Amino acid sequence: MATPSDRLLRRLEWRLGRRLDGRLQGAYRTVWHGTGIDFTDLRAYTPEDDVRHIDWNVTARLDEPFVRQYTEDRELTAWLVIDKSASMRFGGHDGKDAVATELAVSLAKLVSKGGNRVGAILFDNAAHQVIPPRGGRDQILRIGHELLKPAPATKPAKKSKKSPPTTDLAAMLNLAAMTTSQRRSLIFVMSDFIGDPGWDRPLGMLTHRHEVVCVRIVDPAELDLPDLGVILVEDAETGEQILVDTSDPLLRSRLATQVGARETEVAEAMRRAGVAAHRITTDQDLMSVLVQMVQASGRGRR
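Residue numbering for the sequence shown follows our numbering, beginning at 34 and increasing consecutively.
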């Protein structure tokens, strides 16, 4: 009997085959490539190039920036760093956690072509799990199996004068840095980025060694509160509950201002970290999102 992870992978393979195969990669090359160590040539710098590849000696001699080109590795190691905190479970069955799971399995399937290896880091404040990188279908099924496991039941938080803890995103990114320190890798970070501030610095440090793609997953209700009358709202991270009147114009205006400020803050933090960032909502088509991510990655390499 097929397991839930096997059924998920089969469904995604069918969708990937229809929408992506032959459109984004050739017979051997994967969508994302490894970084080789063999120097092959120099060429003029373009604004899309990574400044870390500039050959400063040649640039100084010719008074024009040049970048070094390398032979691509025939093996790539990719990591899926996935936020499994309480706020990611917002939206229920088709919420942020479900989107992160489908996106992670789809990326694992794409990257694993050509014999590449994929590993995963599943993070919550209370616990984390590291799945070492391996190749093959069984590895994708294992990652899917762990992602589909129901979240453990949590006890109601005791009342305290101290603020309840939120997701320590810096700890998640520091764990990713320690786990991936042995080899330059391609790292996908999937989170709603709701948590303690200050995560931009460890994220920036992660980009010094690796190619990092951030995928921020949000629910449309987090961007524009629907008018549902008086409802009980609970903070998924802290457990705090409050009654709110979602039809109150003043409340809606204040929330819209706070959402705008948060969006600006997250975008600025991503910019400071220097990462390739993508924001997707739970009502978007997953395959279209993947196409956009791959196309943006290709533009960044030219």
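In this text, a Cβ means the ideal position worked out from N, Cα and C, and glycines have one as well. Owing to the predicted nature of the structure, the values given are computational and were not obtained by experimental measurement.
Own chain partners of residue i with C-beta closer than 7 Å, once the 5 adjacent residues on each side are dropped
i	result
K194	A caution first: K194 carries a pLDDT of 48, below 50, which makes its placement in the model too unreliable to give a value.
R242	R217
A160	none
L258	T279, R285, L288
Given residue i as reference, the closest of the options once Cα atoms are compared
i	options	result
T200	L95, A254, P230, R40	P230
V263	A159, P282, V248	P282
R170	G147, R305, S218	G147
D127	D318, V308, M326	D318
E179	R167, G168, V163	V163
M223	L258, L136, V324, R305	L136
R295	V277, V327, L256	L256
L261	V151, G124, D252, D278	D278
A289	P253, G168, R167	P253
R167	V327, A184, V144	V144
6 Å CB neighbourhood of residue i in its chain, flanking five on each side removed
i	result
R249	F226, R312
P37	L181
D74	Q102
V245	I220, L239, V308
L284	none
D130	M121, R122
Same chain, Cβ closer than 8 Å to residue i, five either side skipped, listed in chain order
i	result
K142	L42, L45, E46, L49, I173
R40	none
Identity of the residues DSSP links to residue i by a beta bridge
i	result
T314	V251
V100	R76, I87
A302	According to DSSP, A302 bridges with nothing at all.
V21	Shown here, the chain extends from 34 to 335; a query on residue 21 therefore has no answer.
Q291	According to DSSP, which records beta bridges pairwise, Q291 is partnered with nothing at all.
A309	V246
CB contact below 8 Å: residue i versus chain C
i	result
V91	No chain C appears in the structure shown, which is made up of a single protein chain.
(request) Please go through the region 109-158 and give each complete alpha helix (DSSP H) segment of 4 or more residues, from N-terminal end onward. (result) 129-144
(request) Enumerate, from N- to C-terminal direction, the unbroken beta strand (DSSP E) stretches of 3 or more residues contained entirely within the region 198-255. (result) Listed in chain order, the complete beta strand (DSSP E) runs (minimum 3 residues) inside the region 198-255 are 219-224, 244-251.
(message) Quick test of the definition: if touching needs 3 or more C-beta pairs under 8 Å, does the region 106-118 touch the region 143-159?
(response) yes
(message) Pairs of beta-carbons, one from the region 205-223 and one from the region 95-103, closer than 8 Å: are there three or more?
(response) no
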